[in-house]
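The sequence shown maps to residues 81 to 414 in this note's numbering. A virtual CB, placed ideally from N, CA and C, is assigned to each residue, including glycine. Keep in mind it's a predicted model, so treat the numbers as computed, not measured.
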Amino acid sequence: MNKVLITLPNSIAGTLIMKGFKQGFKSNGCFVMEKDLRELSTDDIKCFKPDIIIGYDYGFLFCDNDELKDYIIQNKHKYKLVHYFADEPQGKYACVNKPWLYEEFKKLNLYSFIWDREFVNDLPNCRFLPLAVNAKAYRPPDEFDEKQPVYEISFVGRPLGDKRQKILAALIKKFGKKLNIFSYERHFLQSLDDMKEKQFLSDRELDIYKSAYRGFLTTEKDLARVYTNSFVNINITLQGKSGLNYRVFEVLASRGFLLTDDMEDIERNFIVSKELETYKDINDLLDKTEFYLKNVNIAQKIATIGFADVYKRHSYTARARTILENIKLQTNSY
């Protein structure tokens, strides 16, 4: 039985992904321990004696404990160090103000897997491995809960950056108070300042935008309640060139209707207009949002089929199995 140490990052999305892998490795018969990277010690590793240590993005290299970091590197022959990247390797979300991590990581020649096939050649020993979802964690109740609020249009995530802010501004102009935004409060307040400075919205529209804020969603269940009770869930991808972000999988796992930007890997994994819907530009987004708001029954049918597909084909059990198989293959090739 393989013993797997999952290290959790200081990141909401990263933690959800790593907890998904925890479930996936368990389902593959592994004995798994999870530990917040900020609380991990050398004693934990010595006592657990893992066969695999897996981290998010640069994982243990983020550790402020130099003794721990040095111990992991010096003893890397005792276990396999695996890193799963769901951020661009040289981007700000992966490096978090530590741009030297990219070169440091390359020198260590560790195992890595990445969610976007376009970045495979950026890292050593790298394999493409799309994101997945622990569908059981997001599974909505079988019966509709009338006590839960119903949202017409929902956006979950950072409302930051020109791409997202232009789209959110367009939604406000077209649909007004039908838009609902869920994010960290500080990110939303920053977006208010940005919208005003960039003049994306008038003063009257800014007041409507301000009223769209609905707070921050902490757990998978909180997220699932919003996704499944929204007529249209908008996804706006910030990173990558072809890969699908985590929002795609968690919305579908919640049996929510998803309208996401058109990425190359969409059609490799899903049937557009049958399991989810895509948009090519802002005008296309506005037209399709209007259509599905008027045809909620069609959106709900699409959401149901998308849910069934995600539950069947995009599990962390399958992704963890791929990691185990690839590590074995790479080991045998040396």
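For His163, the secondary structure class from DSSP, reduced to helix, strand or coil, is strand. Around the CB of Pro210, 16 or more other CB atoms lie within 10 Å, so the residue is classed as buried.
Taking the Cα positions, Phe268 is about 21 Å away from Pro229. Taking the C-beta atoms as reference points, Tyr159 is found nearer than 7 Å to Ile133. Pairing Leu373 with Phe311 gives a Cβ-Cβ distance under 7 Å.
By the neighbour-count definition (other C-beta atoms within 10 Å, threshold 16), Ser263 is a buried residue. By the CB criterion at 7 Å, Ser234 and Asn260 fall inside the cutoff.
For Asp274, the secondary structure class from DSSP, reduced to helix, strand or coil, is helix. For Val331, the enclosing alpha helix (DSSP H) has its first and last residue at 326-333.
Judged by beta-carbon spacing, Thr122 lies within the 7 Å limit of Tyr151, meaning their Cβ atoms are closer than that value.
Between Ile382 and Glu344 the beta-carbon gap is near 21 Å, outside 8 Å, which marks them as no contact. With a threshold of 16 other beta carbon atoms within 10 Å, Arg244 meets it and is buried. The three-state secondary structure of Met98, taken from DSSP, is helix. Our two residues, Ile362 and Ile247, have alpha carbons roughly 6 Å apart in a direct line.
Here Gly241 is exposed: its Cβ has fewer than 16 other Cβ atoms, across all protein chains shown, within 10 Å. In the three-state reduction of the DSSP assignment, Lys321 falls in the coil class. Runs of the beta strand (DSSP E) spanning 3 or more residues and lying entirely within the segment 120-171 occur at 132-136, 160-165, in chain order. Take the alpha-carbon of Asn82 and the one of Lys102: they are about 13 Å apart. Within the segment 196-225, the complete alpha helix (DSSP H) segments at least 4 residues long are 215-218, listed from N- to C-terminus. If you keep only unbroken alpha helix (DSSP H) runs of at least 4 residues inside the segment 240-321, you get 242-255, 265-278, 283-291, 300-308.
For Phe371, no beta strand (DSSP E) run applies; the uninterrupted alpha helix (DSSP H) run containing it begins and ends at 362-374, by DSSP. Between Val390 and Ala304, the C-beta gap is not smaller than 7 Å, which leaves the two residues out of contact. Ranked by Cα distance from Glu232, the options Gly94, Arg399, Thr369 are led by Thr369.
Per DSSP, reduced to three states, the secondary structure at Val230 is coil, with no helix or strand assignment. Within the model, the alpha-carbon separation for Asp341 versus Asn108 is close to 33 Å. When the Cα atoms are used, Asp196 and Tyr218 turn out to be separated by approximately 23 Å. Secondary structure of Ile351 (DSSP, three-state): coil. When Lys99, Phe185, Gln380 are compared, the shortest CA-CA separation from Asp202 is found for Phe185.
Around the beta carbon of Gly139, 16 or more other beta carbons sit within 10 angstroms, so the residue counts as buried. Per DSSP, Phe337 lies in no alpha helix (DSSP H) segment and is marked neither H nor E.
Comparing C-alpha distances from Tyr173 to each of Asn155, Leu190, Leu148, Asp137 shows the shortest one belongs to Asp137.
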